[in-house]
Each structure stands twice: as structure tokens, then as C-alpha cells.
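First the structure, in the form of C-alpha cells, and then the observations on it.
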Amino acid sequence: MTRLVALRLGGGLVTLLLTSLLVFGSTSVLPGDAAEVALGRSATPERLELYRAQMGLDQPPVERYADWLVGTTQLDFGKSLIEGITLDIAGGGQGTGVPVTDLIRPRLKNTGILLLVTLLILIPVSIVIGTATAIARGSKFDGFMQTAMLVFTAVPEFTLGALLALFFGVLWPILPAVSLQVTPKSLVLPVATLTLTAVAYTARFIRAGVINALAADHVQMARMKGLPERLVIRRHVLPNALGPTLQAFALVVGWLAGGVVIVEYLFAYPGVGEGLIRAISGRDVPVVQAYTLIIAATYVVANLIADLLTVALNPRLRTTS
Amino acid sequence: MSRRQLLQRAGVGGLILGAPSWLSACGSDPDRAGSTGGTTGVSGTSVSPGTTGGPGSTASPATTGAPPATGGTLKVAISWGQSETLDPQAVAGTGNVIARNFAVYQRLFVRAPQSGGGYDGVLAQSIEGNADATQYDIRLTEGVNWADGTPFVAEDVVYSLQRILTEELGLEGFGYLQMVDTEGIRKMDDLTVRVPLLYPYADFQAQLADRVILMVKDGTTSFETLNGTGPFQYVTTEQGRRIVLERNENYWRDGLPYLDQLEFINISDQTAAVNALQTGEVDVVEVLDPANRRIVEADGNLQVLSSDSGGFQPFVMDTSRAPFDDPDVRKAVRLLADRQKIIQAAQDGQGLLGNDLSSPFDPMYASDIPQREFDPDEAKFLLDKAGVDRFVLNTSDVGSGILPASLAFAQQCQEVGVNCETSVSPADSYWNNIWLKEPFFVSGWGDRSFASLYLIGLAPDAPQPETAWDDPASHKIFEEAMRTIDDAKRKELLGEVQQALWDDGGYVIWGFSTLVSGARDAVEGIEPNVNRQLNDFNFENVRISV
Numbered sequence: 001m002t003r004l005v006a007l008r009l010g011g012g013l014v015t016l017l018l019t020s021l022l023v024f025g026s027t028s029v030l031p032g033d034a035a036e037v038a039l040g041r042s043a044t045p046e047r048l049e050l051y052r053a054q055m056g057l058d059q060p061p062v063e064r065y066a067d068w069l070v071g072t073t074q075l076d077f078g079k080s081l082i083e084g085i086t087l088d089i090a091g092g093g094q095g096t097g098v099p100v101t102d103l104i105r106p107r108l109k110n111t112g113i114l115l116l117v118t119l120l121i122l123i124p125v126s127i128v129i130g131t132a133t134a135i136a137r138g139s140k141f142d143g144f145m146q147t148a149m150l151v152f153t154a155v156p157e158f159t160l161g162a163l164l165a166l167f168f169g170v171l172w173p174i175l176p177a178v179s180l181q182v183t184p185k186s187l188v189l190p191v192a193t194l195t196l197t198a199v200a201y202t203a204r205f206i207r208a209g210v211i212n213a214l215a216a217d218h219v220q221m222a223r224m225k226g227l228p229e230r231l232v233i234r235r236h237v238l239p240n241a242l243g244p245t246l247q248a249f250a251l252v253v254g255w256l257a258g259g260v261v262i263v264e265y266l267f268a269y270p271g272v273g274e275g276l277i278r279a280i281s282g283r284d285v286p287v288v289q290a291y292t293l294i295i296a297a298t299y300v301v302a303n304l305i306a307d308l309l310t311v312a313l314n315p316r317l318r319t320t321s
Numbered sequence: 322m323s324r325r326q327l328l329q330r331a332g333v334g335g336l337i338l339g340a341p342s343w344l345s346a347c348g349s350d351p352d353r354a355g356s357t358g359g360t361t362g363v364s365g366t367s368v369s370p371g372t373t374g375g376p377g378s379t380a381s382p383a384t385t386g387a388p389p390a391t392g393g394t395l396k397v398a399i400s401w402g403q404s405e406t407l408d409p410q411a412v413a414g415t416g417n418v419i420a421r422n423f424a425v426y427q428r429l430f431v432r433a434p435q436s437g438g439g440y441d442g443v444l445a446q447s448i449e450g451n452a453d454a455t456q457y458d459i460r461l462t463e464g465v466n467w468a469d470g471t472p473f474v475a476e477d478v479v480y481s482l483q484r485i486l487t488e489e490l491g492l493e494g495f496g497y498l499q500m501v502d503t504e505g506i507r508k509m510d511d512l513t514v515r516v517p518l519l520y521p522y523a524d525f526q527a528q529l530a531d532r533v534i535l536m537v538k539d540g541t542t543s544f545e546t547l548n549g550t551g552p553f554q555y556v557t558t559e560q561g562r563r564i565v566l567e568r569n570e571n572y573w574r575d576g577l578p579y580l581d582q583l584e585f586i587n588i589s590d591q592t593a594a595v596n597a598l599q600t601g602e603v604d605v606v607e608v609l610d611p612a613n614r615r616i617v618e619a620d621g622n623l624q625v626l627s628s629d630s631g632g633f634q635p636f637v638m639d640t641s642r643a644p645f646d647d648p649d650v651r652k653a654v655r656l657l658a659d660r661q662k663i664i665q666a667a668q669d670g671q672g673l674l675g676n677d678l679s680s681p682f683d684p685m686y687a688s689d690i691p692q693r694e695f696d697p698d699e700a701k702f703l704l705d706k707a708g709v710d711r712f713v714l715n716t717s718d719v720g721s722g723i724l725p726a727s728l729a730f731a732q733q734c735q736e737v738g739v740n741c742e743t744s745v746s747p748a749d750s751y752w753n754n755i756w757l758k759e760p761f762f763v764s765g766w767g768d769r770s771f772a773s774l775y776l777i778g779l780a781p782d783a784p785q786p787e788t789a790w791d792d793p794a795s796h797k798i799f800e801e802a803m804r805t806i807d808d809a810k811r812k813e814l815l816g817e818v819q820q821a822l823w824d825d826g827g828y829v830i831w832g833f834s835t836l837v838s839g840a841r842d843a844v845e846g847i848e849p850n851v852n853r854q855l856n857d858f859n860f861e862n863v864r865i866s867v
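In the order they appear, the protein sequences are chains A and B.
The working numbering numbers the first residue of the first sequence as 1 and each following residue consecutively.
The working numbering numbers the first residue of the second sequence as 322 and each following residue consecutively.
Spelled out as C-alpha cells, the structure:
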């Protein structure tokens, strides 16, 4: 078990390293840099040079990446290239950007809240729907749920979110249409959007898993033993159905960590997604790096947890070491 | 009605109330209040101290039916750029920075809010040039103080101007004050500053009215806490999200501002911003595109704030590069623009028609030059003559209406059989990669005096030589005009320069933008202003009625 965790963690670190290389490489390839964005139309060659010198952008990319990597291993994510900068050579020629950690901390917290609330609702709801539709498969209820969920899968989250904002924010104004601040009320629509988009996926996964498990020999056996159906489902069907479903949840967490970008933009929610969009258009490489690493790390950790849980739920996998 | 300076009230609500609610904040200007449709008068707004006797003298509850309200927080959804620098003299490109700067700091002069008004004094009362326009005496306003309570004096102005002119600081205003003899600026007495110029420049007041020529206190080198003369004090910024300001209790104009707190909020998606306006989460939305304007108009609780402006979004031809180095081609391209239709496509039909000349509100504007009309036959003849059968307009979504205007123009060309293609680039890299680099591209300008635009975009050493305008004769006349203090004489000379630009220049100026914002009905005191959105981002007279 320890070995498995160590192996996976090592693999995760390699993934993160590759991600950071990829992101650094692609932001370097993008036209323009932070100096050009910050100075905009008033950029003169002298000012660009001054800005780049102050922010260390005149160093070769390899050196900048190495600097960043060394800093990151010591948990120093560097300073923003664009936020809080005052161009001032008299100030000693030092970059005066806001530290990346200060910049992303509040947003990270907000997105964390959004994701956590979404998961807390999504997981039980999809287990209930998935199991119920599996047991009642072929019935009118199942047919209705399948169709309804198909609709939500088919509608992209930005359309769904906009529609929800229109109905519950404007036409029947019971909820804020934008989430300028994080309050229980302002969380409702973003969480609903994320949940509705994801629930179809996870519930269908669970439904398939449960149907498979229902047909398994040991379930038939349990029934023939005369166990009540409720106990059969809880003790024999769900644990077996949840195994593959956990992987689906891990994927969903990864998807949420990234897909939250669109929903946050839509509701002006002050989270990681909005910050990432802003950092990318500002060519603010250290900030982009930090955000993407966090998203990638979420993905890695979610998958790791899913794997461990799968092992825990399925005794057959425990014997490998 | 040709020059509508009206602040439109949306829907039936405005009609029932009769008099627009903003009337309450400009009681000193009955002329404008009486004719919402066609005012031309020079307005005495808050910027001249004589008209600001405090809330009691300007409020006119009888006409609005509601008592004037003070206090409260105004939340404004405003355009947001990447730079959020707190240095008021540094680059100011987007609403968040300009509005914050204007709330905390002030200029010596501002351009009048209405056409033909010239300049209004804020921190200065008057400016007087010598006979050959090489030296100016600026008389400062009495009784002004900084937020920390200390008086605003000549030393502050000397310091501020010299700071802007310190090249190493890389401040935006450096280019605008390039004619100033930095070392020579000096204090004459506590309220008089003398500014000598390196060469004659008769339009100097316009330079002082630029958005980045803001006054900071003598000796200021850091901008962590801001000490300005403006109506609000800076509290905090949440990067990329929100700026919070509060009432400056020491503000030098008695009784102002009315608001306790002012917040600027970044809502990148305009639809979300309008949703927030409808649900009351924000009180004002700075920019509305035509679709959202209709939504706001249709909502009985909201008002559309609209004002003509001299801002323009030209198609720019580089006169030094083929095929636009041929004057015939430039003329042809300008004849191909069906301006009314472009305005329809880009601005929903709102805004003044363009005649390929900038600055329609400048007293120096050559209004006697005839309007250029759509003439595809002549255009095709000229293009054939020049042997040009194809050109590409490089465009991007870098300003409201620019993309639809570009597409409408290309379509007009194609309809008459001229092969004009559009190449659309991403907005975030447009200014660095396309602008000034391609031979035919789009641009965007705020309202400026003709001379100041000439200095930035057309003069021999212009920092933004969009059209690569290289006409020694025009440059010479311009220099002569800048030596000419006499307004009528100068107008004649600048008229000649404008004629040359109209004949041979590289700008296709098809129209002037209308500034369209939205607000809740309860928001009062945001008057039309040709310079910028939301009364040139002036919130000192704004209040929220209950």
C-alpha cells in the first residue's frame, strides 16, 4: 500500500513537472509578454526594456524557468509580472509585483468552497439517482430520468448557467445573477450549474455499474439466500458498482477543477478560473504556472484517492504487494 | 437635434417623471435642463468653483419629486485592464485605472463636458500664454487642499510636472508634455506657476487636460497610500476584482461628494454585468453594447445614460506602404465607406457621422470641409487606375463596435465588387502584433484636441505614427499654428492642415462613438460628457435616491 502511494506520488510529481514545462513553453510561444500587455499602446522600446529589466524578462527562457523551478521547490512561487507593478527605475530596479501566493490565496479558497459544495451535493445525488434508475431500469421513471439527464449532458455549462441566471436571477429574481461575493446564496447558481452538468455523467456511470453488479453471480446467490433486496443492494451491489464509479468521480473532480473556469467567468465568481483567464491574457507566467499546477495537482490527487478507495473497496486488489 | 447631448431616460418611466432626474444635480444650468434634445450651451458644471455652493443650492427637489439623498455606496461595473498601478501619472488605459485616478486625483484643467466649451478649471483657474506661445503662467485655484489637510500650492504643481517629465520614470504623460522646458518650470508665488516651453505650442492647455496630467503632492515618491485632492480616498484593491474608495472628508468643495463609498467592480462578461444591474448588485454598468442597451431600455427600473463623444475607431492606412502609399488608393478606400451603414452596424445608428477628420468638439475643428459621401464608382475608377484589386483590413475585437464596423466595411466593398478582406486577430495581442505593423488596420482614440492628436499621431516625431503621415507642408503650417496665440488665425491655419488630411491622409474616420452606460433609476447626477464614459468618470455629484 505504501509502495503504491509512493509510486503514484512520484508519478504525480513527474506529471506536474511536465505540466509546468508545457505551460511555460506555451506561454513563451504566445505572442507578446507581460511588459507589452502592461504598457499597451503606450509602449516605447525604452519603456519595454525598462519593464523587462525590472521584471527579469530580459533573461533567457531557460534561465527564467530554472529560477522559477528552484523557487517553487522551496514553495516560493515568485511575484506577479503585472499585478501591482509600478515602473520605477528610481525604486532600485527591482520587480515590485504582488507575491503570487498572496494573489491566488483568496481565489483558491473561493474555488475550494465552490468545488467542495458541488462535490458534497453531486456525490450523494448521483449515487441515489444512479442506483434508483438501475433498479427501476426500463420503467417510465428510468426513461424520464435518462432523457432529463441527457438534456443536461447535451447542454454546455455556459448555456445552462446563463439560462439559470436568466430564470432565477432576472425573470424570477430570488438569487443573485452574479456572485460578486461568496455567500451561501450566491453559491447556489454556480453550484447548480456544475452539479447539473456533471450529475448526468456520474449518475449514468453508477447506473451502469449497478446494473452490471445486479447481474453478477454473487448477487444472485445473495438473493437466493433470501437476503432482503435492500441489504443485497447495500452490501453486495453498491460496493462493486462503486469501484469503477470512483474513477468516474476522480475524472469529474479533474473536470470540475478545470471546468470551473467557464462557470466562474459566467457568474463573475472570484475564483481560480477567473484569475487564470486574467493571468493568461496578462502573460503573467508565474501566476499561470501556479494556477495550472494547482489544477494539475488536484487532478493527480483526486485520481490517487480514487485508486486508494478502489483498492479499499475491493479486497481482491489488496493482495498485490 | 444634430448634436444630441442628451441623457436618455429609458422606457416609460422617464416620460411619466417628466423632467429627467439628473436635472437635480445641475440646477445651475437651466439651459441644458430645459432642452434635453439640443443643447449647445457651455455648461457650468461642478468643475468651476463658482457654481458649487453645496448641495442645497444645486438640488431641485421640485422638479424630480424626490428629496436629494446623500450617503450610500455606488457600485460601478467598469472595464478592467491588466495594469492596476496606483501611480496616477503612469499608464491609464482602462476604466478601472482612469476612474480610480480621477476619483482620488485631479487635473489643472479638464475639457468641457460639452461641445465647443473649451476648458474648465479644476485645480487651476486660468492659464495665460505669452505672445509667441513659448511661456505660460498658470494661476491655481484658491482654497484647495490635499486629503491629508495640507494646502495645495505651486510647489506641488512644479513637482508634479517635473515628475511627469522625468524620463526614467517612464510615465505616460512624458510624451504629452514634451514641449515643456522641465528645468525652467518655477513657482512665481504660492498660487502661480510659470511653465516655459522649448518651442511654441499654442494648444498647451489641451496637453494639461490630458487624463494622466494629474497633480500629486510635492515630494511624493511612493503610492501605497494615496493622497490626492479629489473627492474620494483610496481604500483598497482586490487585484482584478474590485477597487474600494470612500468619501474624502477633507474634500475642498463643501458638501461634496454625496456618496459615502464608491466601488469599481470587474465583471468581464457584459451579460453578467447587465444581470447584476437588473438585480441591483451593481448600480451602474460603464459600457453597454447595442444588444444590452436594448435590454436596459426595456427595463422599467433602469436608465440608459448616453452621450455623444469625439472618440473614434478609425481604419488606418499606412501612407508609407503599398498600396496605400498611392494617394488615389487612400481616396478610393475612403470613398468606399458608406458611413451611415457602418454606424448602423457598429453603433446601432447612434453617434455622429465622420468626415475622416478627428476632434469634432474642438473649437479648431474644420466644420466647413464638405462631408465625404459614399461613391463606389469613383472609388473603383481610382483603384483601377492604381492597379489595386485587393487589400486586407486587419481588425480585432479591441473596442466596442470595431469588429462589426470592419466587417460592414468589407461587405460594402465586396457588394460593389472591390475585394477587401478582413483578417481578425485576437484582442489581447492586437496592439503589440498588428497595430502599426500592418499596412491597413483598426485603431481607437478618445476625444482629443486636433493639435494634441496631431502631436501624438501625425507630427514628424509622433509616438504613435499610425498613418506615417509625412507631409512637410502640413508640418510647417502646423508649427506656424502652434506659434499663433490668436484663436481665429490659428483656426485658419489648422483648417489648412485638416484640409490636407482630408484630401490625402490615411485615416478613414467613419463616425464618432456614442458613450452608452446603464444605471439604476435611483442613480442621479451622471451628466453627459463628450470626453469619457460616466461624465468623464466624475462621481462627486452622483447620488442614490431612496
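Yeah, the Cβ is synthetic: ideal placement off N, Cα and C, and Gly gets one too.
Of all residues in the region 482-507 of chain B, those with a C-beta nearer than 7 Å to a C-beta of chain A are E489, L490, G491, E493, reading in chain order. The beta-carbon distance between B:F636 and B:S834, rounded to whole angstroms, is 14 Å. This is too long to meet the 8 Å contact definition. Taking a Cβ-Cβ threshold of 9 Å, the residues of chain A close to B:Q403 are A34, V37, A38, G40, I82, E83, R278, S281, G282, R283, D284, in chain order. Contact of A:P60 with chain B is not assigned, every C-beta pair being separated by 9 Å or more. The DSSP-derived three-state label of B:M685 is coil.
The beta carbon of B:G470 sits closer than 7 Å to those of N571, all from its chain and outside the five residues before and after it, given in chain order. In summary, B:E845 is buried, with 16 or more beta-carbon neighbours lying within 10 Å of its beta-carbon over all protein chains present.
None of the residues of the region 772-783 of chain B has a beta carbon lying less than 9 Å from any beta carbon of chain A. In the structure shown, B:D857 adopts helical secondary structure according to DSSP, grouped into three states. Shown here, B:G631 sits in a strand according to DSSP, grouped into three states. Flagged as an interface residue toward chain B: A:E274, by a C-beta distance shorter than 9 Å. A:A290 sits away from A:F24, with the two beta carbons spaced by 9 Å or more. Taken atom to atom, the span from the alpha-carbon of A:S139 to that of A:R107 is near 45 Å. Taking 9 Å as the threshold, the shortest C-beta distance from B:D639 to chain A does not fall below it.
Leaving aside the five residues that flank B:I723 on each side, the residues in its chain whose CB is nearer than 6 Å to its CB run, in chain order, Q634, V763.
The CB of B:R562 comes closer than 7 Å to the CB of P270 in chain A, given here in chain order. The three-state reading of DSSP puts A:W68 in helix, counting H, G and I together.
Rounded to whole angstroms, the separation of the alpha carbons of A:V237 and A:D217 is 11 Å. Between the region 665-682 of chain B and the region 615-631 of chain B there are three or more C-beta pairs closer than 8 Å, enough to call the two in contact. Neighbours of B:E602 across chain A, judged by C-beta separation under 7 Å: P176, V178, L180. In the DSSP assignment, B:E848 falls outside any alpha helix (DSSP H) and carries neither an H nor an E. Using a 10 angstroms sphere on the CB of B:Q735, the tally of other CB atoms stays under 16, which defines it as exposed. Inter-residue distance for A:T292 and A:G12 is about 14 Å (C-alpha atoms, whole angstroms).
CA-CA distance, B:V425 to A:P190, rounds to 35 Å. Counting only residues of its own chain and dropping the five nearest sequence neighbours on each side, B:L774 has a CB closer than 8 Å to the CB of S679, S680, W766. Contact annotation: in the region 589-600 of chain B, residues whose CB is within less than 8 Å of a CB in chain A are S589, D590, T592, A593, A594, N596, A597, Q599, T600. With respect to the C-alpha of B:W756, the residue from B:W823, B:V719, B:I777 having the closest C-alpha is B:V719.
In the three-state DSSP reduction, A:P61 falls in the helix class (H, G or I).
Here the alpha carbon of B:A597 sits roughly 52 Å from the alpha carbon of B:I798. At the C-beta level, A:L251 and A:G209 stay beyond 9 Å of one another.
Looking only at A:R223, A:L160, A:D307, A:L231, the smallest Cα-Cα distance to A:F249 is reached by A:D307. Secondary structure note for A:M224: its alpha helix (DSSP H) is the uninterrupted segment 217-224.
Taking 9 Å as the cut-off, the Cβ atoms of A:A6 and A:I82 do not count as close. When secondary structure is reduced to three states using DSSP, A:Q289 falls in the helix class. Annotation: A:A148 to A:S126 spans about 13 Å, alpha carbon to alpha carbon.
Apart from the 5 residues on each side of it in sequence, B:T503 sits with its Cβ closer than 7 Å to the Cβ of Q483, L486 in its chain, given in chain order.
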